[in-house]
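Going by my numbering, the letters in the sequence shown line up with residues 1 to 265, in that order. We put the CB at the ideal spot given by N, CA and C, even for glycine.
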Amino acid sequence: MTLPRLQAMKEAGEKSVCIVAWDTQMARIADRAGADIISVGDSVGVNLWGHAHPLEVTFEEILVVAKAVRRGVSSAMVSCDFPFGPVQTGDGVAAAVRLAKEVGVDLVKLDGAGQFPEVVEAVTRAGVPVFAQFGITPQTALKYGIAYSAAETAQVPDDMLDELVSEAKRLESAGAVALNFTNSGPVVGPAVVDAVAIPVLGGFGGGPWLDGRIRMSSAAIGYNSAWIDEEPDTYANVGRIAFEAIAECVADIRSGRQIRGGINS
């Protein structure tokens, strides 16, 4: 996958796929499954590390995660989120250069980019392609009076259509190669897709009206301890599968049976 290919997919009406991964093994799986972009999300803080909010993730932490993901990808493009900080403090170019040099990312994703088009322009000028995120994002939810915990199901109000179309155009003009329109909804989303020439993808609040979708790998496979006793609307329930497997391993050890799982059995 390349940026010209991603652009050609939009022009041909072909949907693009972005899967969020946080480790080498899941990156390999998503890459082999056919994802076009593997995204290193600051969502790792909430979904794997138990943080209350992705704002707690630091740049040095995301750098370690990005290196792990990069080692697992051979075909897809790798995008990496800026955690909260570099864009807001004017360190965006330095952060982008580190991700490009030390990790080898193909794109950097800037949350809340609509408020900082000058950062998008500066990072692009430095030679690092920008995947610009706007809408109701984890880093901007409070601006809309929405708690982070409610951001997943929120949608931008339809009366913000003109404002968000203008924001998308500003980001395109600043040099963004793709947009992540979070919580787009079925009214504003299609308007933005039609207003810009670059691909528009979305995770929370997105839908088939966008050029492509972003999905966390953990959400797709049901990797969550909360779903051990539930039937989530996912493609699998890995939380339950993992629980049952570990419980069986515990039972084997307690009973003195040989355990399964490799050379150290």
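What is the DSSP secondary structure of residue i, reduced to helix, strand or coil?
i      : result
Lys226 : First, the amino acid is wrong: residue 226 is Ala here, not Lys. Correct three-state label for Ala226: helix.
Asp111 : coil
Asn47  : helix
Ser265 : Its pLDDT being 48, under 50, Ser265 is placed unreliably by the model, and the measurement read from it follows with that caveat. It is coil, neither helix nor strand.
Arg210 : According to the sequence shown, residue 210 is Leu rather than Arg. Leu210: coil per DSSP, three-state reduction.
Val69  : helix
Met77  : strand
Leu3   : helix
Ile19  : strand
Val156 : coil
Ala132 : strand
Thr266 : This structure leaves residue 266 out entirely; the chain is present only between 1 and 265.
Ile62  : helix
Arg257 : coil
Got a sec? Which residues, its chain only, sit under 8 angstroms from residue i by beta carbon, not counting five neighbours each side?
i      : result
Leu179 : Phe131, Ala132, Gln133, Phe134, Ala168, Leu171, Glu172, Val192, Val196, Ile198, Pro199, Val200 and Leu201
Asp194 : none
Arg254 : none
Gln25  : Gly72
Ala226 : Gly239
Phe116 : Val87, Gln88, Gly92 and Leu110
Met1   : Asp36, Ile37, Ser75, Ala76 and Met77
Is the shortest distance between the beta-carbon of residue i and the beta-carbons of chain B less than 7 angstroms?
i     : result
Asp42 : Among the chains of the structure shown, chain B does not appear; only one protein chain is present.
Under 7 angstroms between the Cβ atoms of residue i and residue j?
i      : j      : result
Ser16  : Asp36  : yes
Glu244 : Ala174 : no
Val187 : Asp158 : yes
Met77  : Asp106 : yes
Ile214 : Gly203 : yes
Gly318 : Leu210 : Outside the displayed span of the chain (1 to 265) sits residue 318, for which this structure offers no information.
Lys67  : Val103 : yes
I'd like the list of long-range same chain contacts for residue i, defined as Cβ closer than 7 angstroms, with 5 residues on each side in sequence excluded.
i      : result
Ile221 : Thr234, Tyr235, Ala236 and Val238
Ser265 : With a pLDDT of only 48 at Ser265, under 50, the local geometry of the prediction cannot be trusted, and the value read off the model is given with reservation. Answer for Ser265: Gln258 and Ile259, listed in chain order.
Val65  : Trp22, Val40 and Val44
Gln155 : Asn183, Gly185 and Gly205
Cys249 : Ile259
Ala95  : Phe59, Phe82 and Pro86
Leu3   : Pro129 and Val177
Gly212 : Lys15, Ser16, Val17, Cys18, Pro199 and Leu201
Find the nearest neighbour of residue i within the set the options, judged by alpha-carbon distance.
i      : options                          : result
Asp42  : Glu61, Met26, Gln25 and Ile29    : Glu61
Thr58  : Ala52, Gly45, Asp111 and Ala68   : Gly45
Ile228 : Ala219, Met216 and Ile241        : Ile241
Gly50  : Asn224, Met9, Val97 and Ile253   : Asn224
Ile246 : Pro232, Arg5 and Gly261          : Gly261
Val69  : Leu99, Pro86, Glu56 and Ala52    : Leu99
His53  : Glu163, Pro83, Ser166 and Glu230 : Pro83
Gly90  : Ser74, Leu6 and Val123           : Val123
Ser218 : Leu6, Asp162, Gly34 and Asn47    : Asn47
Val97  : Ala113, Cys80 and Gln88          : Cys80
Phe304 : Ala251, Ala113, Val93 and Ala126 : The question about residue 304 has no answer here: the residues shown for the chain are numbered 1 through 265.
Cβ of residue i versus every heavy atom of the ligand PLP: is any distance shorter than 6 angstroms?
i      : result
Pro199 : With respect to the ligand PLP, the structure offers nothing, as it holds no ligand at all.
Note down, in chain order, each residue of its chain lying with its Cβ closer than 6 angstroms to the Cβ of residue i, except the 5 sequence neighbours on either side.
i     : result
Ala27 : Ala21, Ile38, Val69, Gly72 and Val73
Met9  : Ser16
Leu55 : Phe84
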